[in-house]
Amino acid sequence: DAKTTQPNSMESNEEEPVHLPCNHSTISGTDYIHWYRQLPSQGPEYVIHGLTSNVNNRMASLAIAEDRKSSTLILHRATLRDAAVYYCILRDVLQGGSEKLVFGKGTKLTVNP
Amino acid sequence: DAGVTQSPTHLIKTRGQHVTLRCSPISGHKSVSWYQQVLGQGPQFIFQYYEKEERGRGNFPDRFSARQFPNYSSELNVNALLLGDSALYLCASSLLPAGGPIRNEQFFGPGTRLTVL
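Chains as they are written, first to last, in this note's numbering: chain W, 1153 to 1265; chain R, 7 to 123.
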């Protein structure tokens, strides 16, 4: 029941920028777009999230299309430590006001030295 | 500060057995969620607990159950194990059960790798 679609894999060279796309055509007006990544042999970790405006933090930037049906995670200078599976996620609201993360298969990013 | 901890790291069981997985959230976090990650797939939501009450349940059979203790740690129990239960079981903690506009990120532990033979 994932609400997002991403390419299965992408490849980049070290020190180069990486643009990871995500489609979420059924997004509602109140859905926040979240990105998590999962390094090998680790649990997922938060990267960034946003609603409408582009967002920046120390890890990455998030560019959100004007119609919000797609977004792009930008790693400005990929390092070998950025090799991971990147998940674009829309949260699902549950009864009682709680929420869950709905993961798809994500994009496996390979960074070449 | 310690992150989310899970035990055991690895576990091997046979079909029909029962298993208990444990999770300690980050100090101050009252919400714990459990996810199952089968090889090659993204994590799938199993349960969420907040303040010791179940707040959400995913599409998993009744063989799966969980509980949260007064110190906010949690256990996931799986009865009558099947081969298909082999997976990485992830626990995540957060301050609140839902974020809305605030960040409320979920912090994941390293997981418990369960193998059912």
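Every residue, glycine too, gets a C-beta built ideally from N, C-alpha and C.
Test: residue i CB closer than 9 Å to a CB of chain W
i: R/Ala8; result: no
i: R/Pro116; result: yes
i: R/Pro103; result: yes
i: R/Ala98; result: yes
i: R/Phe51; result: yes
i: R/Gln74; result: no
i: R/Phe113; result: yes
Exposure of residue i, with buried meaning 16 or more beta-carbon neighbours within 10 Å
i: R/Val44; result: exposed
i: R/Phe75; result: exposed
i: R/Gln50; result: buried
i: W/Arg1210; result: exposed
i: W/Gly1249; result: exposed
i: W/Lys1252; result: buried
i: W/Ala1125; result: Summary: the structure shown does not reach residue 1125 of chain W, with chain W confined to residues 1153 through 1265, and so no result is reported for it.
i: W/Arg1111; result: Outside the displayed range of chain W (1153 to 1265) lies residue 1111 of chain W, so it cannot be described from this structure.
i: W/Gln1247; result: exposed
Beta carbon proximity, residue i to chain R, threshold 9 Å
i: W/Gly1256; result: yes
i: W/Arg1233; result: no
i: W/Pro1173; result: no
i: W/Leu1246; result: yes
i: W/Pro1159; result: no
i: W/Lys1243; result: In the sequence under discussion, the amino acid at residue 1243 of chain W is Arg, which differs from the Lys named in the question. Interface residue, yes.
i: W/Gly1181; result: no
i: W/Ser1213; result: no
i: W/Glu1166; result: no
For residue j and residue i, believed in contact at Cβ under 8 Å, the rounded distance
i: W/Val1263; j: W/Ala1212; result: In fact, because the Cβ distance is near 14 Å, the residues do not count as touching under 8 Å.
i: R/Gly34; j: R/Leu96; result: That pair is no contact at about 20 Å.
i: W/Tyr1184; j: W/Pro1196; result: W/Tyr1184 to W/Pro1196, Cβ: 16 Å. No contact.
i: R/Thr15; j: R/Arg119; result: 7 Å
Delimiting residues of the beta strand (DSSP E) encompassing residue i
i: R/His35; result: Neither: R/His35 is in no beta strand (DSSP E) and is coded neither H nor E.
i: R/Gln23; result: Note, R/Gln23: premise wrong, no beta strand (DSSP E); not H, not E.
i: R/Gly46; result: Neither: R/Gly46 is in no beta strand (DSSP E) and is coded neither H nor E.
i: W/Gly1175; result: Here the sequence assigns Asn to residue 1175 of chain W, which means Gly is not the residue at that position. It spans Val1170 to Asn1175 - the beta strand (DSSP E) in which W/Asn1175 sits, taken as one unbroken run.
i: W/Thr1204; result: No beta strand (DSSP E) contains W/Thr1204, which DSSP labels as neither H nor E.
i: R/Gly62; result: Glu59 to Arg63
i: R/Leu101; result: Unbroken run through R/Leu101: none, as it is neither H nor E.
i: W/Glu1163; result: Ser1161 to Asn1165
i: W/Tyr1184; result: Segment: none, W/Tyr1184 is in no beta strand (DSSP E) and carries neither H nor E.
Within 9 Å, strictly: CB atoms of residue i and residue j
i: R/Val122; j: R/Ser79; result: no
i: W/Glu1190; j: W/Gly1256; result: Checking the displayed sequence, the identity of residue 1190 of chain W turns out to be Gln instead of Glu. Cβ distance not < 9 Å, so W/Gln1190 and W/Gly1256 don't count as in contact.
i: R/Asn83; j: R/Ala98; result: no
i: W/Lys1221; j: W/Asn1160; result: no
i: R/His24; j: R/Leu89; result: no
i: W/Leu1232; j: W/Pro1265; result: yes
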